[in-house]
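These protein sequence lines map, in sequence, to chains A and B.
The first sequence begins at 1 in UniProt numbering and counts up by one.
The second sequence begins at 1 in UniProt numbering and counts up by one.
Quick reminder that beta carbons are idealized off the backbone N, C-alpha and C, glycines included.
Source: prediction; values computed, not measured.
Report on the following structure.
Protein chains: 2
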Amino acid sequence: MGGDGHAPYAGEILGRFIAASRWEEIPASLRHEGRRALLNFFGGALGVARDPAVETALRVMAPFSGGGHATVIGRAERLDAMGAAFVNTIAANLLDYDDTHLETVIHPTAPVAPPLLALAEQRGLGGKAVLHAFLLGAEVECRLGCAVSPGHYARGWHITSTCGVFGAAAGCARLLGLDAAQCWAALGIAASQSAGLVENLPSAAKNVGMGNAARNGLLAALLAQAGYGAAPAAIEGPLGWARAMGDAPDLRRVTGGLGTRWEFARNTYKPYPSGIVFHAVIDACLALRVPGEAIAEVVVAGNQLLLDRGDRPVRNERDARVSIHHTAAVVLARGEAGPAAFSLAAVRDPAVAALRGRVRAVLDDGLPRGAARVTLRTGGGEERSITVTAPRGSEGQPLTDAELEAKYRANASLAGMAARAEEQIGLLWSLEDNPDMAGLMRRFAAAASPG
Amino acid sequence: MGGDGHAPYAGEILGRFIAASRWEEIPASLRHEGRRALLNFFGGALGVARDPAVETALRVMAPFSGGGHATVIGRAERLDAMGAAFVNTIAANLLDYDDTHLETVIHPTAPVAPPLLALAEQRGLGGKAVLHAFLLGAEVECRLGCAVSPGHYARGWHITSTCGVFGAAAGCARLLGLDAAQCWAALGIAASQSAGLVENLPSAAKNVGMGNAARNGLLAALLAQAGYGAAPAAIEGPLGWARAMGDAPDLRRVTGGLGTRWEFARNTYKPYPSGIVFHAVIDACLALRVPGEAIAEVVVAGNQLLLDRGDRPVRNERDARVSIHHTAAVVLARGEAGPAAFSLAAVRDPAVAALRGRVRAVLDDGLPRGAARVTLRTGGGEERSITVTAPRGSEGQPLTDAELEAKYRANASLAGMAARAEEQIGLLWSLEDNPDMAGLMRRFAAAASPG
């Protein structure tokens, strides 16, 4: 019970946790998960640093930037911390190639890391403080997501944006050294900024919800530091965040086992830049493929979720990333499922298009969520079949550090930074020993504007 | 039906309306309502220009401002357009002393006018374009509010913030000269930024929701201009704005009679800086008051809404603005109900406090919403009673232009600008003839930082 006899508020408990957490109490395995998440994050942002969606965000934000204190990853341009947080978050999540907390489908790192990195760069902070604040922010984000899942997302809320603003606020509040009451206020201010719609996911408006989660979370912490307050029950009150958004929040998921059980420890990383339910299809096709073999028919079986998400016409690269037919065809045709496999060029590749026409999607309710069975019929009449239930990157088969490094190298190459990849990987693995985040961040900037 | 056979989307119809509207088609009475709204807006922002909440917002935003293109009303400091929009919106709505669209309880002007004024100042646009864009933005804002009222507010959404971002986006899209498709996109991008909670209204977090509506609406228009798109049905789709927020939207209220029936024509202005349901109490007390008369008891009768909102302990100025007891007591003690009557000093005034103790609130279900009956028993045993059903400022008894001017002068005095008030009033009445908004805005800036 709180001092005035009430049961403690959710924000109050989280505020105390954020302010009081000690580095020594963070398990070594969780610290390593944080480093893995950041390695994956930087690579994702680098890979699309020259994407028009990133360039547009950068161009629109530049005139509203109070100085160039912070790096835009993979770019030569610099912005203030709010602008850099906005653009780097958009980049990190642009292709949905980032990390995933599977229970909530939150992509935890994209909205939380960028404002912390920008703040640390501007203020000359060290890597340990950033990693610690990041783990706390991501934990708050995932826990709030758990409290309102699965209804929240199903109702139309883009949960990474709506919960990301809390994660960013929590992380920034910690990095700024706010006390427990201020951390509580920052979360309450974040509640009044929580926004983002599933309806908008197939459009650039999705980027805006993501970028705002980062920059508005930073704003929440700065305003709390300057004395702005919020309602005590902004998160769970009768007219507060969770209920306005349609949920009776399960507050045990927010506060139960805080500091001992870590939701963020369940973070996962994508090996392929496509919808996560298609990853079993990719693994099956990679295993079945014989280069040069003539293929008569491909039958992909999955449960209703797979068919709902993936049985659709393929007109462009957005469709390709969520198409059963394209996924199977491109992997069987090319033997790989990297960014190029889901590009517009791949959609238009005649060999891939021809094979897409021979892919059939069928329902098998007996298969679990995330699983797929692929059956290949060759020109010679042979038939081979494989069922994958725990694809690479899932909780049951996490990507290894070496696999994350390989993914990073591929992304760095897309940014024209292959030559710097090993140095960058080393900087991130040793993040907590780095006293100079400003120096670190500059190693992820481009030397000059791409022409 | 649209070109591909679908019924037109809400955003599509609004986008066409915003882009195609012609100044000549705006009724003269509506243009005048726009001028009245802006006069009321500038006064409200001036009156609190030195409030700590405004100063905090300004101080936090200043380092994130890309130059000083725009005036902060009543201040010497200047910010970029996004920062100025944020701070001016907070100021205009700080005391809830601004305008009200009564059906939705939206305060229409605060989130819409500031980004337009800032953009116009930065780009050297004229007053007619600003007034036109403002009327279109406020119309879109009120219509979306009507489509989701009354459930939206009741569920916990601070409707001025959640709908204000659409109004700001619509107005800015028009002022930037976007085409119909871009205006549609701006509204869709606004949908992913719509936020703000009723739970947070008694705190500074309310200011953040308000300021964000303005700056994020501007961002939506700028991103749409730069090519960002949104989902076609971002407003009404199955996973879009209205449904995520809990409503089956009444789209007839969004698009019915567009350009002929103006929701914004129903805008009203507060004569008193207190909750609108208390205005009938104030008018009754002003009419009953005899200066110097000894008062034994005051009985205030109202319906359940009045009692729900106003029967509470009074500890500070926030409570005072929504207290039946303070309202009746201060008006009977002082004979006025301006900003000073709802200050902390008034709350602590022994004469007012003593009289508060003699006020009794009673239920009379027969009285309509917004009405009150006040009965005064004097020390000498006399009893007088008055019932007010249409208080000053309501739709039935709108404030006259002269009353709005008087309110403006009082606010300008609070900002130390009494000497400039007549010139400022003249500038606003002749707004549409002013070719130079940059020059105009500078007349509302303070000469130097208040010491």
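- request: With DSSP as the reference, please indicate the residues paired to B:Gly302 in a beta bridge.
  value: B:Gly302 pairs with B:Leu363.
task: Could you check the C-alpha separation between B:Pro114 and B:Pro391 for me, to the nearest Å?
output: 29 Å
- request: Output the boundary residues of the alpha helix (DSSP H) element that contains A:Val330.
  value: Per DSSP, the unbroken alpha helix (DSSP H) holding A:Val330 starts and ends at 324 to 334.
task: Excluding the 5 residues preceding and the 5 following A:Ala221 in the sequence, name in chain order all residues of the same chain whose CB lies nearer than 6 Å to its CB.
output: These residues qualify, in order along the chain: Ala169, Cys172, Ala173, Leu176, Ala186.
message: By the 8 Å beta-carbon criterion, what residues does the stretch 206 to 224 of chain B contribute toward chain A?
response: Lys206, Asn207, Val208, Gly209, Asn212, Asn216, Leu219, Ala220, Leu222, Leu223
- prompt: Which of helix, strand or coil does DSSP assign to A:Glu236?
  reply: coil
message: I'd like to check one pair, A:Glu236 with A:Ala10: are the Cβ atoms closer than 7 Å?
response: yes
C-alpha gap between A:Cys163 and A:Ala213, whole angstroms: Those two C-alpha atoms are separated by around 8 Å.
field: Interface flag, B:Asn267 vs chain A, CB-CB below 7 Å
entry: Output row for B:Asn267: interface = no.
query: Span of the alpha helix (DSSP H) holding A:Tyr408?
result: 401 to 414
task: Could you tell me whether any Cβ in chain B is nearer than 7 Å to the Cβ of A:Pro63?
output: yes
query: If you measure from the beta carbon of A:Tyr153 to each beta carbon in chain B, is any gap under 7 Å?
result: No, A:Tyr153 does not count as interfacial toward chain B.
message: Suppose you measure from the CA of A:Leu367 to the CA of A:Glu103; what does that come to, to the nearest Å?
response: 18 Å
- request: Could you tell me which chain A residues have their CB closer than 8 Å to the CB of B:Ala195, listed as they occur along the chain?
  value: Ser192, Gln193, Ser194, Ala195
task: Indicate the three-state DSSP secondary structure (helix, strand or coil) for A:Val105 in the structure shown.
output: DSSP places A:Val105 in coil when its eight states are reduced to three.
DSSP beta-bridge partners of B:Glu383: DSSP output for B:Glu383 lists B:Arg377 as bridge partner(s).
- request: Establish whether the CB of B:Leu117 and some CB of chain A are separated by less than 7 Å.
  value: no
Outcome for A:Val112 when other beta-carbon atoms lying within 10 angstroms are tallied against a minimum of 16: A:Val112 counts as buried, since no fewer than 16 other beta carbons sit within 10 angstroms of its beta carbon.
message: With a threshold of 7 Å between beta carbons, is A:Ile189 in contact with chain C?
response: Protein chains in the displayed structure are A and B, and chain C is not among them.
message: Helix, strand or coil, according to DSSP, for B:Asn267 in the structure here?
response: strand
message: If I measure Cβ to Cβ from A:Tyr272 and keep anything under 7 Å in the same chain, skipping five residues before and after, which residues do I get?
response: His279, Ile282, Ala337
message: For a contact defined as C-beta to C-beta under 7 Å, what are the partners of B:Met82 on chain A?
response: Phe64
query: So is A:Leu79 buried or exposed if we call it buried at 16+ other beta carbons inside 10 Å?
result: buried
task: Answer with yes or no whether the minimum CB distance from B:Glu55 to chain A is below 7 Å.
output: no
task: Return yes when the Cβ of A:Glu121 is within less than 7 Å of the Cβ of A:Met437, no when it is not.
output: yes
- prompt: Could you give the distance in angstroms between the alpha-carbon of B:Lys270 and the alpha-carbon of A:Ser203?
  reply: 41 Å
query: Assuming B:Asn267 contacts B:Asp99 under a Cβ cut-off of 8 Å, what Cβ separation, rounded to an integer in Å, is found between them?
result: Between B:Asp99 and B:Asn267 the Cβ distance is about 5 Å, and since that is below 8 Å, they are a contact.
- prompt: Residue ranges of each alpha helix (DSSP H) run of no fewer than 4 residues wholly in the stretch 133 to 220 of chain A, ordered along the chain?
  reply: 151 to 154, 159 to 175, 180 to 191
field: Run of the alpha helix (DSSP H) containing A:Leu58, from where it starts to where it stops
entry: 52 to 61
query: Are three or more beta carbon pairs between the stretch 219 to 233 of chain A and the stretch 191 to 205 of chain B nearer than 8 Å?
result: yes
- request: Answer yes or no: do A:Gly246 and A:Arg155 have a C-beta to C-beta separation smaller than 7 Å?
  value: Contact: yes.
Sub-7 Å separation of B:Val374 and B:Ala284 beta-carbons: yes
- request: Take B:Arg75 as the anchor and find which of B:Ala91, B:Ile159, B:Met82, B:Phe64 has the nearest alpha-carbon.
  value: B:Ala91
- prompt: In its own chain, which residues sit with a C-beta less than 8 Å from the C-beta of B:Val277, not counting the 5 before and 5 after it?
  reply: Gly302, Leu305, Leu306, Arg309, Gly310, Arg369, Gly370
- request: Go ahead and pull the three-state DSSP assignment for B:Glu297.
  value: strand
- request: Alpha carbon to alpha carbon, how far is A:Ser192 from A:Ala224? Give it in angstroms, no decimals.
  value: 13 Å
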